[in-house]
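Numbering (the numbering used here), first residue to last: 465 to 807.
Here is the structure we will look at.
Right under this line is the structure:
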């Protein structure tokens, strides 16, 4: 359609460079999503082969809701959200780097430094998740109030279901505990600095000897935290499943979090979303990251369950009790198939 003001296609003035840039951006974004979608679309049509039904805890159960058009519509969100996240990761890293200058890597931070570091990490982590579409994070706290301190009951070790890399950012916002991480994480760009600032435990899990040593480190740290009641090291967060599941099942719990007689704080994370789950299973990280950003929003409910007092029946009994309570709170099932069994 041609008018006196120039060439127009319906209401679009194609002689305006801004309109042309916008059209190119939209088309490029759609093509980018199409490339990603083609790589993972087989999960939508794939049917479990005979004998694979037992691996339901690792399947992409949300694949039935995927649609090209849904991803196309959200494709324009990917670039600005990615830039937002990268800039904030850099600024957060810089802030933590500065506030951690001169701090000991082997001793807890002073109370003042700990508050500053924790505030920086929490602030930037919340902005990162906001940019990723996590506009609403609801917290439900079922912990008892201590009659003497008038505060929530303290537990030196936290446990939580593990479904996504997003889980890490959630805890960096709320509570900022220490994590149990693989040894190589300490040397990761950006992430390593933050992990060290919150006194994460870096463990090796390559063989039996390394795993036993890791268990000993975790037990010692829990004892230190309990003795200082959180005034030294922050609580230690353990993902007891030891790997990521799809959010519909809880896997068997490992023993590391249940070796001491100290109370345990169970926490559940429950994600809700339009069509693409944040649960990070059966998909390359790069595809998962960008496709998740193509959604308009994601909601999260974080629940602090009542504190678990250790029972006398051994770590297996305590793990089973905590697992059952968390599964009931999430309204999900349990699976006894471990990741190594699937491999």
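Where a beta carbon is used, it is the ideal one built from N, C-alpha and C, also for glycine.
Could you check whether residue 597 and residue 757 sit closer than 8 Å to each other, using their CB atoms as the reference points?
Within the chain shown, the letter at position 293 stands for residue 757. Within the chain shown, the letter at position 133 stands for residue 597. Cβ distance < 8 Å, so residue 757 and residue 597 count as in contact.
Residue 484 versus residue 496 - alpha carbon distance:
Counting from 1 along the chain shown, the entry for residue 484 is found at position 20. Counting from 1 along the chain shown, the entry for residue 496 is found at position 32. When rounded, the distance between both Cα atoms is 18 Å.
So is residue 569 buried or exposed if we call it buried at 16+ other beta carbons inside 10 Å?
As a working note, residue 569 is residue 105 in the chain shown. Flag for residue 569 reads exposed.
Which residue marks the beginning of the alpha helix (DSSP H) containing residue 533, and which one marks its end?
Here residue 533 is taken as the residue at index 69 of the chain shown, counted from 1. Segment 532-538, the alpha helix (DSSP H) holding residue 533.
Excluding the 5 residues flanking residue 811 on each side, which residues of the same chain have their C-beta closer than 6 Å to its C-beta?
The requested residue 811 does not occur in the structure, where the chain is confined to residues 465 to 807.
Return the chain-ordered ranges of every beta strand (DSSP E) run that is complete within the region 560-622 and spans a minimum of 3 residues.
Every unbroken stretch of the beta strand (DSSP E) spanning 3 or more residues and falling wholly within the region 560-622 is given here in chain order: 600-605.
Inspect the beta-carbon positions of residue 642 and residue 665 and report whether they are closer than 8 Å.
Mapped onto the chain shown, residue 642 falls at position 178. Mapped onto the chain shown, residue 665 falls at position 201. Taking 8 Å as the Cβ cut-off, residue 642 and residue 665 qualify as a contacting pair.
By Cβ distance below 6 Å, which residues in the same chain neighbour residue 738 in space, the five residues on each side in sequence not counted?
Against the chain shown, residue 738 aligns to sequence position 274. These residues qualify, in order along the chain: 759.
Which class does residue 707 belong to by DSSP, given the choice of helix, strand or coil?
Position 243 of the chain shown holds residue 707. Three-state result, residue 707: coil.
Label residue 695 either buried or exposed according to how many other C-beta atoms from any shown protein chain fall within 10 Å of its C-beta, with 16 as the threshold for buried.
Numbered from 1 along the chain shown, position 231 holds the residue referred to as residue 695. Per the 10 Å Cβ criterion, exposed.
If you draw a straight line from the alpha carbon of residue 551 to that of residue 794, how long is it in whole angstroms?
The sequence position of residue 551 within the chain shown is 87, counting from 1. The sequence position of residue 794 within the chain shown is 330, counting from 1. Within the model, the alpha-carbon separation for residue 551 versus residue 794 is close to 34 Å.
Nearest CA to the CA of residue 632: which residue from 589, 663, 603 and 595?
Taking the first residue of the chain shown as position 1, residue 632 is located at position 168. Considering only alpha carbons, the answer is 589.
Would you grab the beta carbon distance between residue 764 and residue 601 for me? Rounded to a whole angstrom, and I think it's under 8 Å.
Translated into positions along the chain shown, residue 764 becomes position 300. Translated into positions along the chain shown, residue 601 becomes position 137. Their Cβ separation, rounded to whole angstroms, is 5 Å, which keeps residue 764 and residue 601 in contact under 8 Å.
Are the beta-carbon atoms of residue 647 and residue 660 separated by less than 8 Å?
The residue you call residue 647 lines up with position 183 of the chain shown. The residue you call residue 660 lines up with position 196 of the chain shown. No.
Can you tell me whether residue 489 is buried or exposed? The criterion is at least 16 other CB atoms within 10 Å of its CB, across all chains shown.
Position 25 of the chain shown, counted from the start, is the residue given in the question as residue 489. By the neighbour-count criterion, in which 16 or more other beta carbons inside 10 Å mark a residue as buried, residue 489 falls on the exposed side.
Rounded to whole angstroms, what's the CA-CA distance from residue 786 to residue 636? Just pull it up for me.
Taking the first residue of the chain shown as 1, we reach residue 786 at position 322. Taking the first residue of the chain shown as 1, we reach residue 636 at position 172. About 23 Å.
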